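Top line first, the protein sequences correspond to chains A and B.
Going left to right, the first sequence walks through residues 0 to 325 as numbering that gives the first Met the number 0 numbers them.
Going left to right, the second sequence walks through residues 0 to 410 as numbering that gives the first Met the number 0 numbers them.
Don't be surprised by glycine CBs; every beta carbon is placed ideally from N, CA and C.
Bear in mind the structure is a predicted one, so any value in this text is a computation, not a measurement.
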Amino acid sequence: MTTMTIAKAINEGLRATLAGNPKSLLMGEDIGPLGGVYRVTDGLIGEFGPDRVVDTPLAESGIIGTAIGLALRGYSPVCEIQFDGFVFPGFNQITTQLAKMHARSNGNLTVPVVVRIPYGGGIGSVEHHSESPEALFAHTAGLRIITPSNPHDAYWMIQQAVECADPVIIFEPKRRYWLKGEVDVESPGPSADPFKAHVLREGTDATIVAYGPLVPVALAAANAAEEDGRSVEVIDLRSISPLDFDTVTASVQKTGRLIVAHEAPTFGGIGGEIAARVSERAFHSLEAPVIRVGGFHMPYPVAKVEEDYLPDIDRILEALDRALSY
Amino acid sequence: MGTHLPSTEFDGTAVDDQREADAEAVMGEPPAQMVQLLGPDGTLAADPVYSEYANRLTPEDLRGLYADMASIRRFDIEATALQRQGQLALWVPLTGQEAAQIGSGRASQPQDYIFPTYREHGVALTRNVDLAELLRQFRGVSNGGWNPKDTNFHLYTLVLAAQTLHAVGYAMGIQRDQKSAAQAAKEPDAAVIAYFGDGASSEGDVHESMVFASSYNAPVVFFCQNNHWAISVPTNVQTRVPLSNRAKGYGFPGIRVDGNDVIAVHAVTEWALEHARQGKGPVLIEAFTYRVGAHTTADDPTKYRHSAEEDAWRAKDPLLRLEKYLRAEDLADDAFFAKVKADGDDLAAYVRRTTHDLETPDIRSAFANTYAEAHPLVAEELAWFEEYSSGFAGEEELDAENAGPAAKAGH
Ligand SMILES: Cc1ncc(C[n+]2csc(CCOP(=O)(O)OP(=O)(O)O)c2C)c(N)n1
Ligand SMILES: [Mg+2]
Numbered sequence: 000m001t002t003m004t005i006a007k008a009i010n011e012g013l014r015a016t017l018a019g020n021p022k023s024l025l026m027g028e029d030i031g032p033l034g035g036v037y038r039v040t041d042g043l044i045g046e047f048g049p050d051r052v053v054d055t056p057l058a059e060s061g062i063i064g065t066a067i068g069l070a071l072r073g074y075s076p077v078c079e080i081q082f083d084g085f086v087f088p089g090f091n092q093i094t095t096q097l098a099k100m101h102a103r104s105n106g107n108l109t110v111p112v113v114v115r116i117p118y119g120g121g122i123g124s125v126e127h128h129s130e131s132p133e134a135l136f137a138h139t140a141g142l143r144i145i146t147p148s149n150p151h152d153a154y155w156m157i158q159q160a161v162e163c164a165d166p167v168i169i170f171e172p173k174r175r176y177w178l179k180g181e182v183d184v185e186s187p188g189p190s191a192d193p194f195k196a197h198v199l200r201e202g203t204d205a206t207i208v209a210y211g212p213l214v215p216v217a218l219a220a221a222n223a224a225e226e227d228g229r230s231v232e233v234i235d236l237r238s239i240s241p242l243d244f245d246t247v248t249a250s251v252q253k254t255g256r257l258i259v260a261h262e263a264p265t266f267g268g269i270g271g272e273i274a275a276r277v278s279e280r281a282f283h284s285l286e287a288p289v290i291r292v293g294g295f296h297m298p299y300p301v302a303k304v305e306e307d308y309l310p311d312i313d314r315i316l317e318a319l320d321r322a323l324s325y
Numbered sequence: 000m001g002t003h004l005p006s007t008e009f010d011g012t013a014v015d016d017q018r019e020a021d022a023e024a025v026m027g028e029p030p031a032q033m034v035q036l037l038g039p040d041g042t043l044a045a046d047p048v049y050s051e052y053a054n055r056l057t058p059e060d061l062r063g064l065y066a067d068m069a070s071i072r073r074f075d076i077e078a079t080a081l082q083r084q085g086q087l088a089l090w091v092p093l094t095g096q097e098a099a100q101i102g103s104g105r106a107s108q109p110q111d112y113i114f115p116t117y118r119e120h121g122v123a124l125t126r127n128v129d130l131a132e133l134l135r136q137f138r139g140v141s142n143g144g145w146n147p148k149d150t151n152f153h154l155y156t157l158v159l160a161a162q163t164l165h166a167v168g169y170a171m172g173i174q175r176d177q178k179s180a181a182q183a184a185k186e187p188d189a190a191v192i193a194y195f196g197d198g199a200s201s202e203g204d205v206h207e208s209m210v211f212a213s214s215y216n217a218p219v220v221f222f223c224q225n226n227h228w229a230i231s232v233p234t235n236v237q238t239r240v241p242l243s244n245r246a247k248g249y250g251f252p253g254i255r256v257d258g259n260d261v262i263a264v265h266a267v268t269e270w271a272l273e274h275a276r277q278g279k280g281p282v283l284i285e286a287f288t289y290r291v292g293a294h295t296t297a298d299d300p301t302k303y304r305h306s307a308e309e310d311a312w313r314a315k316d317p318l319l320r321l322e323k324y325l326r327a328e329d330l331a332d333d334a335f336f337a338k339v340k341a342d343g344d345d346l347a348a349y350v351r352r353t354t355h356d357l358e359t360p361d362i363r364s365a366f367a368n369t370y371a372e373a374h375p376l377v378a379e380e381l382a383w384f385e386e387y388s389s390g391f392a393g394e395e396e397l398d399a400e401n402a403g404p405a406a407k408a409g410h
């Protein structure tokens, strides 16, 4: 076990990938000598050279599109998108090309491209630097979408994403890049399957589902609820597509109440999909409606008011109270 | 006289004359000159650079180029007919562009990799794609009827210009392969061709692909077929300078070639591919040609252009001029042309026969091919679908009995 931050864990995961898989390479803006704006690729160009750690022209469609071409030639590119709000110039390539290549080739071609996107708010930044666009990608068949909440998962998920034959988008919780935790670099242990949810904390009165940056918030809310005598189960979703409905459903069958929390706006978000599936699968177990805690239906607000936008412990506890009032 | 003609001398259309004049005003110099070896009258001219390449073509090669162009034109007619008869949902005709496609495709080597748009049936022929398989997409039974790994001819890409970036990425992969000693030893140098149209040239992906190609000196040839139209919009809405001139801005050679001159297209493409394979970087070729037919079988060109323009271009027909040359030089006789015609009819018959037999896939294959690895949501929805459709099992047999074998295909 080693203690490291999420940023360092991804850095180490990428290092292990580059060392172990000669066909892997990194592409992105400022990922070379600078090591990326968040230093996630720090030092890698020195170790692996500019053919494996590629500072690209400043063009997101170009990054994804050429990564697809490299994948068709047998390479495993890992693309860094500098910030969530800047993935959109590459959205066309991701949704019309990357997601569909395997299907439209009748299974003859695979394009194992990984796209890393730092996402979410809470860093007091200017516009386009704090968004959570995961639902826009989750709606697209052909993509897999995962998001680590802790260093151990971050270390293993990046490597598992590269090994996956399908395109994988990793949403990295940027405000947690400096969160420290234990990483077992010898074995993924319970994190062997990146597409499975984890029950982080057992409980009997209600379930909170969260992912990425809100996982620590959900845990803190559950701890606070415990002081009031409430036993709350917390699930870290880990994978957004596919979504591990078995784990979520099993938990709801036990607790009867479900709160889903994410930073992304609730309307059309992942929480709505979870609520719908749970109502189909566990209708008779539900003691209360599924309650969503999320961002509002507005462009991500200015930094000075983002505290009012982002779900926090109190917002989750308020939702918990509502769920328990039924 | 040199053979690099300003396209105005070649092209009688007012649109082109105006565009060339505009371009000169914008650039302060005459526009790019067009490479032409075989003129519309069937005479072969000399060129200081490209004659060397043209001279590599043996009489057998020249007859082959003619036969290929005739085959693909015959195929085009047949596919159009199949669409009219309801056998295809849509057809995208290539008539008029045979020289641009056969000339460039035949200049490629097996190890090269080709990224077409959706009209490159002629290039497909040169890559040995089964032309009946090519019709799958237009019959609505596949989004890509062939395995690109068999022919190094990628699937058609319908999102304009998206494939130009794939081409550059693929070329970046070739560069890396060549650096790894083990691979370089066993494989010949390869290059990539990215096809796109004059309309697609306005897409941002073309710009990004040229920036990437230039920055990394990637072995890619950008092959733009300027067929003068993007559905109903003429090329002068896409550009005020000859498209080949754009290469200058990226720092690599741009060549405008007479796209109805198969010998010049072959020579220029061969030069460009050699240039790329030798590590000298990308090249842009603008093949100056014309879409003689409709954009697709759903289009009506009478709404946006005069038939006189089509007639002017028919006079520059790529097949006619090669036939004139072959006959004048005694390289082919009546028997040859009769054989080409008979072969074309055989191809048409083959395509007609096999199109009827193209299998409608089972939607289960769409479930199977969405992801390469197991996916629980896909599995769940498939299981639901199986259960749901099993409820209709009896009815379906009844339907099939009533309607005959054709009704068995789908759910
Ligand atoms: C991104 C995108 N926008 C619009 C279309 C619809 N569309 C299909 S073909 C076409 C014209 C393309 O013209 P050009 O690039 O000159 O190729 P040509 O059809 O002449 O071969 C258009 C607008 C498309 N396929 N993709
Ligand atoms: Mg066009």
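Residues that residue i contacts on chain A, provided the C-beta gap is smaller than 8 Å
i      : result
B/T369 : H101, A102, A140 and G141
B/A166 : G68
B/V210 : P56, A58 and G61
Exposure of residue i, with buried meaning 16 or more beta-carbon neighbours within 10 Å
i      : result
B/L81  : buried
B/W312 : buried
A/P150 : buried
A/N105 : buried
A/A220 : buried
A/E262 : buried
B/A275 : buried
B/D356 : exposed
A/T246 : buried
A/G19  : exposed
A/W177 : exposed
B/F391 : exposed
B/K315 : buried
A/I62  : buried
B/Q224 : buried
Residue i to residue j span [Cα, whole Å]
i      : j      : result
B/G278 : A/G48  : 20 Å
B/D10  : A/Y118 : Any reading at B/D10 must be qualified, since the residue scores a pLDDT of 47, below 50, and its modelled position is unreliable; the value itself is stated next. So the two alpha carbons sit approximately 54 Å from each other.
B/A271 : B/N226 : 20 Å
B/V122 : B/T288 : 15 Å
B/L37  : B/A181 : 43 Å
B/D333 : B/P58  : 16 Å
A/A153 : A/T4   : 9 Å
A/P241 : B/P281 : 40 Å
A/Q81  : A/V36  : 7 Å
A/R276 : A/S60  : 34 Å
A/P111 : B/W383 : 29 Å
A/G34  : A/I290 : 40 Å
A/G121 : A/G84  : 14 Å
B/G393 : A/T248 : 35 Å
A/L71  : A/L108 : 7 Å
B/L134 : A/G73  : 28 Å
Per-residue contacts from residue i into chain A (C-beta, under 9 Å)
i      : result
B/A161 : S60, G64, I67, N91, Q92, T95 and Q96
B/P187 : Simply none; closest approach about 15 Å.
B/N142 : K99, A102, R103, S104 and N105
Contact set between residue i and chain A, taken where Cβ atoms lie within less than 7 Å
i      : result
B/I173 : R72
B/K148 : N107
Amino acids of chain B, ordered along the chain, whose beta-carbon sits closer than 7 Å to that of residue i
i      : result
A/D165 : Y370, A371 and E372
When the Cβ atoms of the region 20-33 of chain A are set against those of the region 169-181 of chain A, are three or more pairs found closer than 8 Å? Short answer: they don't touch.
Is the number of C-beta pairs between the region 360-376 of chain B and the region 293-306 of chain B that are closer than 8 Å three or more? Contact fails between the region 360-376 of chain B and the region 293-306 of chain B, because fewer than three Cβ pairs, one in each stretch, are under 8 Å apart.
Looking at C-beta atoms only, is the number of pairs between the region 286-298 of chain A and the region 157-171 of chain A that lie closer than 8 Å three or more? Taking a contact to require three or more Cβ pairs closer than 8 Å, the region 286-298 of chain A and the region 157-171 of chain A do not qualify as touching.
For the region 162-182 of chain B against the region 206-219 of chain B, do three or more pairs of beta-carbon atoms, one drawn from each stretch, fall closer than 8 Å, so that the two count as touching? The region 162-182 of chain B makes contact with the region 206-219 of chain B, as at least three CB pairs between them are under 8 Å.
Enumerated in chain order, which unbroken segments of the alpha helix (DSSP H) with a length of 4 residues or greater are wholly contained in the region 104-174 of chain B? Fully enclosed alpha helix (DSSP H) runs of 4 or longer: 120-125, 130-133, 135-138 and 147-150.
Quick one: complete alpha helix (DSSP H) runs, 4+ long, within the region 272-331 of chain B? At a cut-off of 4 residues, the continuous stretches assigned as alpha helix (DSSP H) that sit fully inside the region 272-331 of chain B are 306-313 and 317-327.
Continuous alpha helix (DSSP H) assignments of at least 4 residues falling wholly in the region 43-70 of chain B: Qualifying alpha helix (DSSP H) stretches, in chain order: 50-53.
Check whether the region 32-51 of chain B and the region 257-266 of chain B touch, using three or more Cβ-Cβ pairs below 8 Å as the test. By the Cβ criterion, the region 32-51 of chain B is in contact with the region 257-266 of chain B, since at least three pairs of Cβ atoms, one from each stretch, lie closer than 8 Å.
Touching or not, the region 221-230 of chain A and the region 125-142 of chain A, by the rule of three or more beta carbon pairs under 8 Å? Too few Cβ pairs lie closer than 8 Å, so no.
Runs of 4 residues minimum, wholly inside the region 9-72 of chain A: which ones carry the alpha helix (DSSP H) assignment? Whole alpha helix (DSSP H) segments, 4+ residues: 43-47 and 59-71.
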